[in-house]
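The structure appears below as C-alpha cells.
Protein chains in written order, with my numbering: chain A, 1 to 111; chain B, 112 to 225.
Encoded structure:
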C-alpha cells in the first residue's frame with residue numbers, strides 16, 4: 001500500500017465551478033500537509049501548508065485536514081482556466097524531513 | 112528575489128554513464144532536498160542536505176549521491192545510469208533549523224537515458 005493515495009483524474013470542470021481534490025494516507029504519524037500546483041514542464045509550486053487537523057483558507061483555496069479519517073482536501077472556488085494544472089498533495093511526520101507525495105490530479109478548467 | 116535554480120534544464124545520457132545535476136537554493140534558504148519525478152507520478156524523495164551533510168535519505172541506491180557546498184548550493188550525482196533513471200529531477204530548498212519547513216521547488220532537470 002502506498003503511503004499517500006491520490007486519484008489521478010483527469011478532472012474537467014467549467015469555469016466558475018468549485019473543485020474538490022482529495023488525498024488519503026495510511027501513516028497516522030503524518031502531521032504536516034501541503035498542496036502543490038504543477039504546470040506542464042515546471043516545478044511544483046506551494047499553494048497551502050497546514051499542520052495537524054482543521055481548515056486553512058487563502059483566497060480562492062481552502063485546505064482541510066481530517067486526521068481521524070486520514071483524509072485531506074483542497075477546494076478551489078470560482079475556478080479559472082489558469083487553474084488548469086496537476087495538483088499534488090504532500091505530507092510528512094514530526095520525526096523527519098521526508099515529504100511523501102501523491103501521484104497528482106490533473107485538472108482542466110474549461111472557459 | 113531569486114527562487115530555486117537548477118542546471119542544466121535538459122540532459123541526454125546513455126546507459127552506464129555518470130551525471131551531475133546542480134541546484135542553487137532560494138535566497139535565505141540553507142537546506143536542499145532532491146526528488147525524482149517519473150512521468151505521471153509524484154516526486155519521490157532522494158535525500159536532503161543540511162550543513163553540508165546528508166541529513167535524511169529515501170529509498171534510493173548508493174548510485175545516487177550528493178554534495179552541499181558552503182554557499183548552500185548542491186549537486187546530485189548518479190553513477191552507472193539505467194534506463195529507469197529517466198525522469199525529472201527536482202531540487203527543493205527550505206530553512207533547515209526546524210524540521211518540516213515548507214519546501215520550494217525549482218523547475219527541474221529532465222534527464223533522458225538512451
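Glycine included, each C-beta is placed from N, C-alpha and C at the ideal position.
- Around residue 195 of chain B, no beta-carbon contact reaches into chain A at under 7 Å, the shortest distance being about 17 Å.
- Assignment of residue 194 of chain B by DSSP, reduced to helix, strand and coil, places it in the helix class.
- Among the residues of the region 31-42 of chain A, those with a Cβ less than 9 Å away from any Cβ of chain B are 31, 32, 34, 36, 38, 41 and 42, in the order of the chain.
- Listed along chain B is no residue with a C-beta nearer than 9 Å to that of residue 24 of chain A; the closest approach is about 14 Å.
- In the DSSP assignment, residue 174 of chain B forms no beta bridge with any residue.
- Under the Cβ distance rule, residue 201 of chain B counts among the residues neighbouring chain A, one pair being separated by less than 8 Å.
- One thing to note: residue 188 of chain B has its Cβ within 8 Å of the Cβ of residue 177 of chain B.
- In the DSSP assignment, residue 62 of chain A falls within the unbroken beta strand (DSSP E) covering 61-66.
- Between the beta-carbon of residue 168 of chain B and that of residue 160 of chain B there is about 10 Å, and that puts the pair past the 8 Å contact cut.
- Apart from the 5 residues on each side of it in sequence, residue 194 of chain B sits with its Cβ closer than 6 Å to the Cβ of 224 in its chain, given in chain order.
- No alpha helix (DSSP H) of 4 residues or more sits fully in the region 16-63 of chain A.
- Using beta-carbon distances, residue 44 of chain A counts as an interface residue toward chain B, with a partner under 8 Å.
- By the neighbour-count criterion, in which a residue is buried when 16 or more other Cβ atoms sit within 10 angstroms of its Cβ, residue 80 of chain A is exposed.
- The criterion of a C-beta distance shorter than 8 Å is satisfied by residue 6 of chain A and residue 104 of chain A.
- The alpha carbon of residue 153 of chain B has as its nearest neighbour, out of A:66, A:67 and A:89, the alpha carbon of A:89.
- A distance below 8 Å between beta-carbons, with the five flanking residues on each side excluded, links residue 52 of chain A to the following residues of its chain, in chain order: 31, 65 and 67.
- Classified as exposed, residue 18 of chain A has fewer than 16 neighbouring CB atoms from the shown chains inside 10 Å of its CB.
- Residues of the region 89-104 of chain A whose Cβ lies closer than 9 Å to any Cβ of chain B, in chain order: 89, 90, 92, 93, 94, 95, 96, 97, 98, 99, 100, 101, 102, 103 and 104.
- Distances from the alpha-carbon of residue 75 of chain A to those of A:29, A:14 and A:56 put A:56 closest.
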